[in-house]
Amino acid sequence: MHLIVDHHPEGMLVTDDRGTVEVASAADFPAYVAQREQSADPPRWVWSDTALWYPPLLRSGVRVERCHDLRLVEAILAGVEGRPVRPFADRTRSVVASSGGRQETALFDLDDAPRRADNAPPAAALHAEQVAALARGSDAAPGSLALLAAAESAGALAAVEMTSTGLPWSADDHERLLLEALGPRPEAGRRPDRLAALASEIEQALGARPGALPLDSPPELMKSLRAAGIDVATTRSWELQKHSHPAIAPLLRYKSLSRLMTANGWNWLDEWVRDGRFRPTFVPGGVVTGRWASDGGGALQLPRQVRSAVRADEGWVLVVADAAQLEPRILAALSRDEAMARAGAGVDLYQGIVDSGAVASREQAKLGMLGAMYGGTTGQSALVLPRLQRVFPQAIRFVEEAARAGERGETVRTRLGRTSPSPGEAWRERQLLAATEGASEAERRDSRTAARSQGRFTRNFVVQGTAAEWALAWMAGVRRRLWRAEGAPLHRQPHLVFFLHDELMVHAPRERAEDVEDALRAAAADAGRVIFGRAPVTFPVTVATVERYSEAK
DNA sequence: ATTCAGCGCGCC
DNA sequence: AGGGCGCGCTGAAT
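One point on numbering: in the working numbering, the residue at position 425 of the first sequence is 479, and numbering is uninterrupted.
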């Protein structure tokens with residue numbers, strides 16, 4: 055049963071599968087949805103944009119089990135041959151998302167109600183079109199696109215719920231950590247003690263006058279380093295590490311601490327943590343590959359340095375689960391490489407590769423696989439690639455073919471049918487130009503570089519994008535297993551609080567920890583079957599029940 | 001005064 | 001000369 059919701063001068067227009075039309079006033083809408091959710095077979099809500107429609111419902115205490123997000127599905131379908139791109143599908147950041155999750159509106163009133171963009175078609179018409187397109191599918195396996203649409207939409211619900219409950223965050227612990235690393239919080243515009251001390255240490259080592267060293271300006275700093283005889287082309291830390299000048303060690307320390315302060319220091323804490331919660335906005339489908347992005351607070355780049363501040367409430371725990379070596383397993387399943395599947399039979403696929411005799415060490419296995427999936431052509435990874443190719447020819451051929459397709463300017467698809475973006479007019483023109491007779495050596499070289507770059511992108515797209523699909527299926531399964539439509543509000547029962555590409559975190563009352571662990575494992579096993587059918591590849595997850603995020607792994 | 005690209009670094 | 005991101009900062013462009 056679908057219920058399509060749309061805007062109406064007097065409130066919300068609701069259309070069901072039989073064409074019955076009702077209008078609910080904006081004020082009554084949450085109660086209307088709540089009542090429908092109580093039925094034995096709750097509907098799938100069809101709406102323009104989950105990030106617009108769902109937050110007001112959640113604020114009224116109403117959860118929704120299933121939905122169809124027209125905007126996200128439109129973006130997926132935009133990659134299907136011959137379908138015109140709807141303007142509103144281009145918007146990857148919703149109006150609500152741009153507020154950074156900082157606003158809190160109490161109720162669902164008319165002014166607050168989501169409005170359809172002028173250029174968006176009516177929801178019912180667009181839904182009918184999308185359902186037909188999903189059923190036709192792409193050249194991927196039949197049914198895959200519909201599955202992808204459902205998984206993407208489930209993710210959209212989870213994303214809004216995670217923002218609404220927030221990630222448990224101890225501001226006290228965070229401040230303690232900053233005090234220990236940097237010293238007391240300085241006045242605005244001044245360096246904390248620890249950074250000031252390091253700055254003078256660096257100045258001394260370089261023979262610079264106090265305050266004369268532009269430590270926070272890479273181009274200026276580079277000039278100063280070169281003037282002091284440290285021959286660097288950039289000020290990247292890995293470049294600096296190669297030199298053994300006495301200024302290097304304190305400089306690296308300075309950069310690391312300075313980074314902590316600017317990215318996750320006191321200002322960050324002021325801006326992003328309220329009432330013991332960090333509330334980033336998650337942006338499903340925010341990355342071309344289908345990965346999520348985030349908006350505000352750098353949620354997907356939380357440095358390990360501050361993860362000890364992620365702390366469960368009293369009497370609660372964090373259940374943290376991580377899919378072990380997800381991407382190589384995805385590649386094994388995509389390519390149906392049985393030898394690689396066997397290597398992944400245990401929890402550690404890289405060790406399995408060592409045991410297969412392909413390479414000598416776990417580190418080599420990891421480097422080699424990453425190189426194969428990213429298109430690395432230098433160093434250790436390139437060195438072991440031929441060995442991997444001999445033992446896992448099918449897997450390596452799979453990524454090579456994706457790369458060749460990209461180099462030819464073609465698009466590639468994930469397992470469920472998400473399409474990579476086309477390389478664009480400028481890219482094509484450059485390729486054509488380089489292929490003409492009068493093309494210069496430089497033009498040919500540039501076009502070759504651009505082609506290889508596109509090849510690395512498509513090579514990675516199939517793996518990263520399919521891994522994102524597996525993760526969505528996993529998350530949807532976890533959410534379904536934790537689901538309780540009635541009873542306690544979301545924040546009083548186990549709920550997802552964080553998602554990081556191949557990692558999920560659930561905040562749960564301590565006595566529910568075992569249930570949650572089971573749910574995380576069971577959903578992972580399901581996800582493999584949902585995406586790949588009866589492939590021999592396993593997707594083990596490591597699960598840890600902890601009080602602080604830093605204790606996991 | 002404001003916008004923007006590039007750098008550098010955090011995460012996967 | 002390895003894929004995908006977000007963000008703070010700087011310095012040049014507007």
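Note that the Cβ used here is the ideal one computed from N, Cα and C, for glycine as well. Given the structure is predicted, the values throughout are model-derived calculations rather than measurements.
Backbone CA spacing between residue i and residue j [nearest angstrom]
i, j, result
"GLY344", "ARG535", "23 Å"
"ASP60", "SER114", "19 Å"
"THR316", "GLY352", "12 Å"
"ARG444", "ALA456", "19 Å"
"GLU183", "ALA177", "10 Å"
"VAL516", "MET529", "20 Å"
"VAL68", "ALA208", "20 Å"
"LEU486", "LYS607", "50 Å"
"GLY411", "THR468", "30 Å"
"ASP409", "ARG396", "10 Å"
"THR288", "HIS299", "16 Å"
"LEU236", "ARG313", "11 Å"
"ARG137", "ARG230", "55 Å"
"ILE284", "ARG248", "24 Å"
"VAL342", "ALA521", "13 Å"
"THR335", "THR512", "28 Å"
"TRP537", "GLU119", "8 Å"
"SER148", "GLU128", "Note that SER148 has pLDDT 35, beneath the 50 cutoff, so the model's placement of it is unreliable and no number is given."
"TRP524", "PRO273", "42 Å"
"ARG90", "PRO97", "7 Å"
"SER102", "ALA200", "17 Å"
"VAL591", "SER435", "24 Å"
"GLY509", "MET427", "11 Å"
"VAL337", "THR74", "33 Å"
"ALA366", "ARG458", "47 Å"
"GLU454", "ALA204", "30 Å"
"GLY350", "PHE332", "10 Å"
"PHE593", "ALA399", "9 Å"
"LEU424", "THR465", "22 Å"
"SER153", "TYR108", "Because the pLDDT of SER153 is 31, which lies under 50, any placement of that residue in the model is unreliable, and the question is left without a value."
"ALA301", "ALA259", "5 Å"
"GLU495", "LYS420", "37 Å"
Cross-strand partners of residue i (DSSP beta bridge)
i, result
"THR473", "ARG467"
"MET529", "DSSP lists no partner for MET529."
"THR69", "ILE58 and VAL75"
"SER375", "Note that residue 375 corresponds to Ala in the displayed sequence, not to Ser. Looking at the DSSP assignment, ALA375 forms a beta bridge with LEU558 and VAL597."
"ASP123", "TRP101"
Neighbourhood of residue i by C-beta, 6 Å cutoff - its chain only, sequence neighbours within 5 removed
i, result
"VAL438", "VAL413, GLN418 and GLY422"
"VAL327", "TRP223 and ALA225"
"ALA320", "This sequence places Trp at residue 320; Ala is not what is there. Closer than 6 Å at the Cβ level, and outside the excluded window around TRP320, lie ARG239."
"MET394", "ALA386, PHE446 and ALA449"
"HIS228", "LEU323 and ALA363"
"GLU557", "ASP376"
"SER189", "Note that residue 189 is Ala in the sequence shown, not Ser. Excluding sequence neighbours, ALA189 sits near nothing in its chain."
"LEU180", "LEU124"
"GLU76", "VAL68"
Contact set for residue i: own chain, Cβ-Cβ below 7 Å, skip 5 residues either direction
i, result
"LEU305", "ILE256 and LEU294"
"VAL595", "ALA375, ASP376, ALA377, ALA378, LEU574, ARG575 and ALA578"
"ARG26", "Because residue 26 is not part of the residues shown, which for the chain are 55 to 607, the question remains open."
"ARG482", "GLY463"
"PRO84", "LEU111, SER114, VAL116 and PHE162"
"ARG506", "GLU461"
"TRP370", "HIS561, ALA562, PRO563 and ARG564"
"LEU221", "ARG331, PHE332, VAL364, VAL551 and PHE552"
"ASP144", "Bear in mind that a pLDDT of 43 at ASP144, under 50, signals an unreliable position, so the model cannot answer this."
Neighbourhood of residue i by C-beta, 8 Å cutoff - its chain only, sequence neighbours within 5 removed
i, result
"LEU112", "VAL214, GLU215, SER218 and LEU544"
"ARG484", "GLU497, ASP500, SER501 and ALA504"
"PHE452", "LEU385, LEU388, SER389, ASP391 and VAL516"
"VAL360", "HIS228, LEU231, LEU314 and ASN318"
"GLY197", "GLY191"
Proximity test, residue i beta-carbon vs the ligand GDP heavy atom, cut-off 7 Å
i, result
"GLY191", "Of ligands this structure carries none, so the ligand GDP is not represented either."
| Segments of 3+ residues assigned as beta strand (DSSP E) that fall wholly inside the region 536-602 | 549-553, 557-563 and 595-600
| query | Of all the beta strand (DSSP E) runs that stay within the bounds of the region 322-356, which reach a length of 3 or more residues? | reply | 335-337 and 347-349
| field | Uninterrupted alpha helix (DSSP H) stretches inside the region 175-247 (no shorter than 4 residues) | value | 177-190, 198-219 and 225-236
| query | Is there contact here, the region 403-412 with the region 373-391, by at least three beta-carbon pairs under 8 Å? | reply | yes
| Three or more beta-carbon pairs under 8 Å between the region 426-433 and the region 473-480, yes or no? | no
| Three or more C-beta pairs closer than 8 Å, one from the region 597-604 and one from the region 562-579: is that the case here? | yes
| said: In chain order, what are the residue ranges of uninterrupted alpha helix (DSSP H) at least 4 long that sit wholly in the region 351-433? | reply: 380-389, 392-397, 403-409 and 416-428
| task | Could you tell me which uninterrupted alpha helix (DSSP H) segments, each at least 4 residues in length, are contained entirely in the region 479-516, listed from first to last along the chain? | result | 479-489
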